[in-house]
Each structure stands twice: as structure tokens, then as C-alpha cells.
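The sequence shown begins at 1 in the working numbering and counts up by one.
Cβ atoms here follow ideal geometry from the backbone N, Cα and C, with glycine treated the same way.
In what follows, a single structure is set out as C-alpha cells and then discussed.
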Amino acid sequence: MKPRLRALWWCGVCLPLLTLQAVPAQTPRAPSPEPASTTQTDPQPRVAPAAHLQAAPPGTPATSRAVQLSAHGYVEQEVFLQGQAQHYRPQPGWGKSGQWGVQPHGEPHPYVARLLVRRPADLTRFNGVIVVEWLNTTPGFDLDGGWVLTREELMAQGYAWVGVSNQTEGLQALQRQSPRYAALRLASNEGAHAVFGQAGQAIRAQWHRLLGQEAPSAPSAPPVSPRLLAMGYSQSGLYLYTYINTFHPSHQVFDGFYLRGPAPLAPAVEEDGDDVWAPAFRNDLKTPIMQVQTEAEAMVSWPLSRTQDTDRIRYWEISGAAHLDAHLQAELPLITPLHEPTTSHGCLRPLNELPAYMVDHAALHALTRWVTEGVAPPIAPRMTRNALGFVRTDEAGHAEGGLRLPDIRVPTAHHGQYSNFSMRSMSVRSQYACIAGGSTVPMDDSDLQARYASRTAYVQAYQSAANALLAGGFLRPRDHQALLARAQADAALHWPDEHNSQPPR
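And the structure:
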């Protein structure tokens, strides 16, 4: 990915100006199946030769979340991955169709990468699915955004998770944190896709070792290979666009893909190459893809809403949600390196507190069922747009359509995007944190009086909205109960007197 585009994505201010492209106001429909292109022959960017797992030096892993895991019966460990990463150059014909071919460039480069593993301590809890996350390096170190958004579902259902450090920025940040990582190396990010594919191959081949289990020497039946789901949050989702369209057809390492919050951009395979704007997924894919976007991305990156729901693709939009919300930002200090600033960004308003991660729980569950049982996820409604393509809003200022959590359907606060900025610092980091963090501003008493006749009316309306999401497959039972408890707490705050139907003044 070009440095200038990475800077714009980090900035979060210029990106909306780049993404104002018209989109049809109507909801996209699944296209008729089309044959794969026959005008271009895809070379085979193979994973081989296989990479090898190595024990990491003793010590606590950087970007560790071990303190959050033990209460849920999970443990954390890290291993190194050593191999050869081939670089590539694009063949002619890279365009929005996603039918992309590449050819090898030069000799493979040796690398040593890191795998961070989180798994059930009791292996009988392992559900047979390993989520492999391309760690996000936008903040200058490895960010496990996908883990943060799906952690509760992962640990409740017994998934294993592996974070892959396969970019130079992440590896260099690790080396700055500890001499334990002196052996890590990667010639350039042109080898990142090869490393990710080899990581998946090594995980599939040596999953017993990664999970702390000895492979049976003479099994009575062939061992059941786990299912591998590739995951990418934000910038990492961009790289998955390229990986899916270019490398997955020949690698065939992953059983499913989960993209969360990427812009509609696929980085080039070479560092100074031309990135592809508004790419489609290639139409000959056989592997399920789940893509989840917040309103913050879809409202300005309009081409995202053109993503088609097909027999292998599901696209969900979360109304009212921010890109880097309060939930995500609250998790950053634990993994932020000591030399990085962790002070408050001084945002004008509180960050967006909409529990969008609950939709991620449902989306991950749906993708897992799709991969393991062949049950396709439900098709989600899209945010509605006017004739010019802009998102329509309701009287509370929230997007119409899309996946609307009860806090959007039955609001007691305004959940905004691009409605915040730092009052303390003009640094890119602080302004990005506040702008991408959105805002949540409580409604005043007059709004609540006009909306809800009583505490009971509010709770019943909220419960009805939660029930509809649960029935539709867009909410997990555990989160459904959490939302109902949230509604009771909110009602007690606004209607402290059980018999008083009016909010306090």
C-alpha cells in the first residue's frame, strides 16, 4: 500500500473527500452467476515452500492480553514463523472485476514473523475453528482489532485465534519493545501476502502444536483438520481484498474470510504500484466472505454499498456505528508500547458507545455456520439513500435502514459519525481518534418526554427491537440478554421513580 494512501487512511479527515462517488440509491441485488474470465490466465502464486514454526524466546509477548484471558479459561503464547516470501508484480488487466493475476518478481526473501496464539486452556472446549487475523499496523504497532470486536464470541464458543505479524511496521515495533524479537525480519511489505498464506498453511499443518496438543502418532481415524477463518480489521481488511482476489484461488488455505471496516481499496502487490479503488470480489470464488461495515465507513465510502450479496458473499451495514468507537479505543492502552503516548485525546464529545461489536458476534457466528454447516447467513437490509446517494436519516439523526441496534431504533442518545474532534491536540493521532471515534450525546429530557410515554413504554419498545434482531439472526442470545439488561439500567437512569412516567428534570 502506498505510504500516501496509508497516511490518508490514518488521517481520517481527507478520506471522506476521496470517497464521494455516486452510488445507486436502490438496494443492490445479487447478480446472476457469471463465468470466470477466460481472457486472462492467473499464474499460481503458491504458498510453497512451507514455512516452519519455531519456539519464541522466553518472556511475556508484546501486545499481550493475557490478563484478560484467564478468567475465561484462555491462555496466550507466541511462536515464530520462518520461511521464504516471494514478491510479485501484477499482470496486465488489474481492474475492478477482481480477476487479478500476478507473476513472481526476483528470488524469494527469507523472513521470520510472529504468531500470537490465544486458545482455550482446556482443549476439549476447542470448537474446531481457528481465526487467523492479519494484525493491523496503522497505529505503528500490532493492533488486534478483530479480536477486540469478536473476543466475547470467540471465548464463549471455544475458538482458537492466531494473530499474524506479517508487516514491517509491526515487526519493527516488536523489535523496539524487546530484544526478544531481534530475529524477526521481512524484506518489505511486498512479501506480506506470501507470509500470511504460509502462516495459514503452517497453522493448518501444525495446529496440534499451536494448541498445545501432541498429534497422535498412529490415529485410529484420520485427524479432523480445523477450519481456518481469515480476519482483517480496517487497514488489514484492505490487504484481504488483494489476498482474496490474487492469492487465495491458488493458496486455498482459508475456509472463510471476515472483513471488518475496510475502505473500498485494494493495495497493490508492489509498494509503489497502483492500488485498485472500489474493487469487487472475483466472481469465481467458492469460499464464503462476510463483510461488516459501520455507518462511518459506508456513509462516505459509497462504493462499499455496491457490494452484492451472493451465494458466497454477505455484506452487513451497522447504522449509527463509528469506525474506531469507544469499545475499541478502551482496549488500546493494554497493548500500546511503553514508548507510545497513551494520554487522553481530549475529544470534544464522548466517543460513540453504540455496542456495534454485538453485530460482529452474530456475523462471526453466521460465517462459522456457513463454513461448517453450509447454512448461509441472513441478508441484511442496507441503509437507505436518497436520489443523490446520500444516506437518509430519521428524526434522531440516525441512518435509516441497515442493521439498527435497539439503541438506534429506540434511542436515548444521539450516536454520531464525523461529529467529534480533539480539543487538546492537533496531532494526526488525536484528531483521528476523535473523528473516527464518533460521538454519543444523551438526549435531553424534552426529547425523552416526546418519545416515550413511560418507563414501561420505553422498555417494551427496546425489547421488541432486540427481539427482532435475535429472530433475524443478527444478534446472539447472550447479547440479547445483555441489551435487555442495558435497557433496564437506562430506564432506571431516566425514570428513577418506578411510578413516575416522566424523565427527571
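- Per DSSP, Phe257 is one residue of the beta strand (DSSP E) stretching across 256 to 260.
- Taking C-beta atoms as the reference points, Thr384 and Glu400 count as a pair closer than 8 Å.
- Boundaries for Gln329: no beta strand (DSSP E) harbours it, while the alpha helix (DSSP H) harbouring it runs 326 to 335, taken from the DSSP string.
- Boundaries of the beta strand (DSSP E) around Phe80: 74 to 90.
- Residue burial is scored here from C-beta neighbours: Val102 has at least 16 other C-beta atoms within 10 angstroms and is therefore classed as buried.
- For Asn420, DSSP records no beta bridge to any residue.
- Inter-residue distance for Ser165 and Asn245 is about 21 Å (C-alpha atoms, whole angstroms).
- When rounded, the separation of the alpha-carbon atoms in Ala202 and Arg260 is 24 Å.
- The residue among Asp447, Gly146, Phe474, Glu295 with its C-alpha nearest the C-alpha of His494 is Asp447.
- Excluding the 5 residues flanking it on each side, Asn467 has same chain C-beta neighbours closer than 8 Å at His480, in chain order.
- Here Asp275 is not near Leu285, since their CB atoms are 8 Å or more apart.
- Beta bridge pairing from DSSP links Leu115 with Val79, Val164.
- Annotation: Gln77 to Trp207 spans about 13 Å, alpha carbon to alpha carbon.
- The C-alpha of Thr310 lies about 15 Å from the C-alpha of Val292.
- If only complete runs of 4 or more residues are kept, the stretch 363 to 419 shows the alpha helix (DSSP H) at 406 to 409, in order along the chain.
- Pro104 is the residue among Pro104, Ser344, Leu229 whose C-alpha sits nearest the C-alpha of Pro90.
- A direct Cα-to-Cα measurement between Ala322 and Glu107 gives close to 43 Å.
- Less than 8 Å divides the Cβ of Ile335 from the Cβ of Thr63.
- Pro442 and Pro337 have their C-alpha atoms some 34 Å from each other.
- Rounded to the nearest angstrom, the Cβ distance from Gly73 to Asp122 is 6 Å, consistent with a contact under 8 Å.
- Per DSSP, reduced to three states, the secondary structure at Trp207 is helical.
- Secondary-structure assignment with DSSP links His105 through a beta bridge to His87.
- Counting C-beta atoms within 10 angstroms of its own C-beta, Met299 has 16 or more neighbours from the protein chains shown and is therefore classed as buried.
- Using a 10 angstroms sphere on the CB of Asp497, the tally of other CB atoms stays under 16, which defines it as exposed.
- Taking C-alpha positions only, Tyr233 is separated from Ala491 by approximately 34 Å.
- Three or more Cβ pairs closer than 8 Å define a contact, and the stretch 407 to 416 falls short of that threshold against the stretch 360 to 376.
- In chain order, Leu285, Pro288 place their CB closer than 6 Å to the CB of Arg312, counting only its own chain and leaving out the 5 sequence neighbours on each side.
- Distance from the CA of Asn420 to the CA of Arg429, rounded to the nearest whole angstrom, comes to 14 Å.
- Burial state of His339 is exposed, judged by a 10 Å Cβ sphere holding fewer than 16 other Cβ atoms.
- Per DSSP, the continuous beta strand (DSSP E) segment holding Trp316 begins and ends at 313 to 318.
- Per DSSP, Ile435 is one residue of the alpha helix (DSSP H) stretching across 428 to 437.
- Taking the Cα positions, Gly98 is about 43 Å away from Leu484.
- With contacts defined by Cβ atoms closer than 8 Å, Val195 and Leu186 form a contacting pair.
- Going by beta carbons, Gly128 and Arg209 fall outside the 8 Å limit.
- Val253 sits away from Gly191, with the two beta carbons spaced by 8 Å or more.
- Comparing alpha carbon positions, the residue from Asp407, Met231, Gly389 closest to Thr368 is Met231.
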